[in-house]
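Note sheet for the following structure.
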């Protein structure tokens, strides 16, 4: 294989790998955004669960025989 052909082959492969890397980096950013949104939703749900548990405990305390 001539030097020029080898250089062209390597340059082409390099360009393809850079394109793949850019795509994967974009996917990583999208995943990070999704993970942040899911984390926020989990925190909201945990807060709501805490409220519901406290409400339940108050109702149980009121319903308990004295």
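Numbering (the working numbering), first residue to last: 11 to 76. Even for Gly, the Cβ is constructed at its ideal location relative to N, Cα and C.
May I have the straight-line CA-CA distance separating residue i from residue j, to the nearest angstrom?
i          : j          : result
residue 35 : residue 25 : 15 Å
residue 13 : residue 53 : 59 Å
residue 67 : residue 45 : 32 Å
residue 41 : residue 48 : 10 Å
residue 70 : residue 63 : 10 Å
residue 33 : residue 72 : 58 Å
residue 61 : residue 51 : 15 Å
residue 17 : residue 43 : 39 Å
For residue i, which residues of its own chain have a beta-carbon under 8 Å away from its beta-carbon, when the five flanking residues on both sides are left out?
i          : result
residue 11 : 19
Would you kindly report the start and end of the unbroken alpha helix (DSSP H) that includes residue i?
i          : result
residue 74 : Counting along the chain, residue 74 falls outside any alpha helix (DSSP H), and DSSP gives it neither H nor E.
Any heavy atom of the ligand NAP closer than 7 Å to the beta-carbon of residue i?
i          : result
residue 35 : Among the ligands in the structure shown, none appear at all, so the ligand NAP cannot be discussed.
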